[in-house]
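Under full-length UniProt numbering, the letters of the sequence shown match residues 1 to 176, in that order. Glycine included, C-beta positions come from ideal geometry on N, C-alpha and C.
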Amino acid sequence: MPDKQAKLWSAEIEAVYLREGREIWALLYAQCSDADRAYDALQEAFVRLQSQEVKSIRNIRAWVLTVAQNWLRDYARRQNHAARPADFLDNIVGKPSDPSEDLEKEERNSRIRQSLQQLRAEDREVLVLRYALGWSSKRMSIALNTSTSAIDMRLSRARKRLCEELEKVGIDHETV
């Protein structure tokens, strides 16, 4: 009978992973700005979930997110360094372009990443959810357990702070 119970838990955990994994990864990525590290945190949380009594966990998504966020904090303490930018996100396959334009674009993207790193984690989180995942304020308010008006205020303030950081590195926020 324990084998059957384990298979049921594994199926339930797999369903949660398939349904929630990408969005949890995005939240983790917003915190650390490292795609691989966010994926590692997500995987570690699901491995730990596998050893838990799943039925006793009221909200599996929240549990996984909390465990993964704690793993990221522990990792950062162990490594004692800041998050690295994910350069591969800028390498989009397409028609050949002018190398000087590519260099300018790479420099501009580097300055944008630098500006994003200057923001608080909470600011990066709402910006990633809105602009990378296309979430509505309502959906963010549910995921972050707050009101829609609070999300709108956080977004407004995060955009303003990002504009200020972009200006510091010489980028006109109107062109981004």
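* To do: Below 7 Å CB to CB, which residues in the same chain sit around Phe46 once its five sequence neighbours on both sides are set aside?
  => Ile13, Tyr17 and Val64
* To do: Below 7 Å CB to CB, which residues in the same chain sit around Gln114 once its five sequence neighbours on both sides are set aside?
  => Val169
* Could you round the C-beta distance between Tyr39 and Val128 to whole angstroms and report it? I think they count as a contact, below 8 Å. => Contact flag wrong, Cβ pair sits at about 15 Å.
* So what's Asn59 in DSSP terms, helix, strand or just coil? -> coil
* Between Glu23, Gln118 and Ala41, which lies nearest to Val67 when the distance is taken from Cα to Cα? -> Ala41
* Asked: In chain order, what residues of the same chain lie with their CB nearer than 6 Å to the CB of Met140, ignoring the 5 residues before and after it?
  -> Leu129 and Ile151
* Asked: What do you reckon, are the CB atoms on Ser33 and Gln118 nearer than 9 Å?
  -> no
* **Rounded separation between Ala83 and Leu166 - CA only** => Confidence in Ala83 is poor, its pLDDT being 47 and thus under 50, which makes the residue's placement too unreliable to answer from.
* In chain order, which alpha helix (DSSP H) runs of at least 4 residues are fully inside the UniProt domain "RNA polymerase sigma-70 region 2" (17-80)? -> 35-50 and 60-79
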